[in-house]
Amino acid sequence: MAQYPELGGRVLIVTGAGQGIGRAIALAAAQQGMRVTVNDIREEMAAETVSLIHANQGEAIAHAGDVSKEEDVARMVEETVARWGRLDVLVNNAGIEPSASILEMSPEMWDRVMAVNLRSVFLGTQAAGRVMKEQGGGVIINMSSIAGKAIPLPYRSAYAASKAGIVGFTKEAAREFAAYNIRVNAICPGVIITPMTAAARQNPAMMEKWIREIPMRRLGQPEEVAALVLFLASDDASYITGQAYHVDGGKVMV
Ligand code: NAP
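Residue numbering for the sequence shown follows the working numbering, starting at 7 and increasing by one per position.
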């Protein structure tokens, strides 16, 4: 992976980092010498990611918390600033993807998806934005999905709506925060090999369809998403804000 020396010593929070894409981001950031707060709703998973970082002589702390809850997000940012003295990068990565048809879905399921996937992005951006404004700058990266741009998955209406909401919110946040030297971008992964896609990957018909629709004829690795996070966090991306980039092997071309 590319090295960005300026990232060394900077402080990054990544949510939902007990596994999958979030864990890959946490490990990649620590490899750059960043100090990392690893959030996850499951304490033991956050702790496992931190252990992997410590085993590699990296610096990290675990934060158990639900990103849909204002008090948990506030605590996550407060504990980070208390531990490391600053906050340079927030990656709003945590997400859930339950499936239900519109005709069958309970309003509670709709609300939970919106809370975990979209409300969390607002809460995180607000809490981190206040710190970054005082500091004189920062970077926020929001994990959307190709489902929020062009390719809704079957029975994922709440998921698609939440991920499209992230793209809209990212643009508005980028516009509002430009005055504070805070860049805000989104990433829209295609199908990535993580626990979230594990069940669907067991289905040969689904796999065949996915591969057929991806010009590069393979699924993505979490590290391939983490590589874009590092670039967007780095000073090489100093003139990039308000964008939503696909990492999807060419599945969506718009
Ligand atoms: P994952 O394997 O399910 O990992 C997500 C992690 O977030 C899990 O540890 C999960 O815990 C945790 N989490 C769930 N709800 C949370 C909450 N309220 N607060 C804090 N942590 C919470 O997912 P992933 O595949 O790495 O996906 C990461 C992000 O990328 C998500 O936003 C997802 O929508 C997006 N994305 C993924 C793909 C893909 O193909 N994998 C494609 C496009 C976009 P539990 O396991 O207990 O829920």
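Glycine residues also receive a C-beta, built at the ideal position from the N, C-alpha and C atoms. Predicted model only: the values in this text are computed from it and were never measured.
Evaluate Glu230 with the Cβ neighbour count: other Cβ atoms within 10 Å of its Cβ, from every protein chain shown; 16 or more gives buried, anything less gives exposed.
Buried is the call here.
Short of 6 Å in beta carbon distance, which residues of its chain neighbour Gln249, apart from the five on each side in sequence? Order them along the chain.
Once the five neighbours on either side are set aside, the close Cβ partners of Gln249 are Asn191.
Please find out if some non-hydrogen atom of ligand 1 comes closer than 6 Å to the beta-carbon of Ala100.
Checking the Cβ of Ala100 against ligand 1 gives yes.
Between the C-alpha atoms of Ala32 and Val42, what's the straight-line distance to the nearest angstrom?
Cα-Cα distance, rounded: 7 Å.
Helix, strand or coil for Asp94 per DSSP?
Coil, per DSSP.
Between Leu58 and Gln38, how many whole angstroms is the CB-CB distance? I'm expecting something under 8 Å.
About 15 Å; that fails the 8 Å criterion.
Which residues in the same chain have their Cβ closer than 7 Å to the Cβ of Glu54, if we skip the five residues on either side of it in sequence?
Taken in chain order, the residues that qualify are Gly24.
Gly71 to Pro160, Cα distance in whole Å?
Straight-line Cα distance between these residues: approximately 30 Å.
So Met149 and Gly101 are in contact, right, with Cβ under 8 Å, and what is the actual spacing, rounded?
6 Å between Cβ atoms; contact.
Pick out whichever of His60, Glu110 and Ala133 has its Cα sitting closest to the Cα of Arg92.
Answer by Cα proximity: Ala133.
Please list, in chain order, all residues of the same chain as Leu184 whose beta carbon is under 7 Å from its beta carbon, the five residues on each side excluded.
Sequence inspection shows Ala at residue 184; the Leu mentioned does not correspond to that position. Thr247, listed in sequence order.
Identify every residue that forms a DSSP beta bridge with Ile67.
Per DSSP, Thr43.
Looking at C-alpha atoms only, which residue of Arg125, Arg189 and Tyr165 is the closest neighbour of Lys139?
The option with the nearest alpha carbon to Lys139 is Arg189.
Could you spell out where the alpha helix (DSSP H) holding Tyr165 opens and where it closes?
Start and end: Ser163 to Phe183.
Please state if the CB of Asn123 and the CB of Met20 are separated by a distance shorter than 7 Å.
The question names Met, yet the displayed sequence has Val at residue 20. Not closer than 7 Å, so no.
Give me the Cβ distance between Val145 and Asp94, rounded to the nearest whole Å; I'm assuming they're in contact under 8 Å.
Sure, about 7 Å apart at Cβ, within 8 Å.
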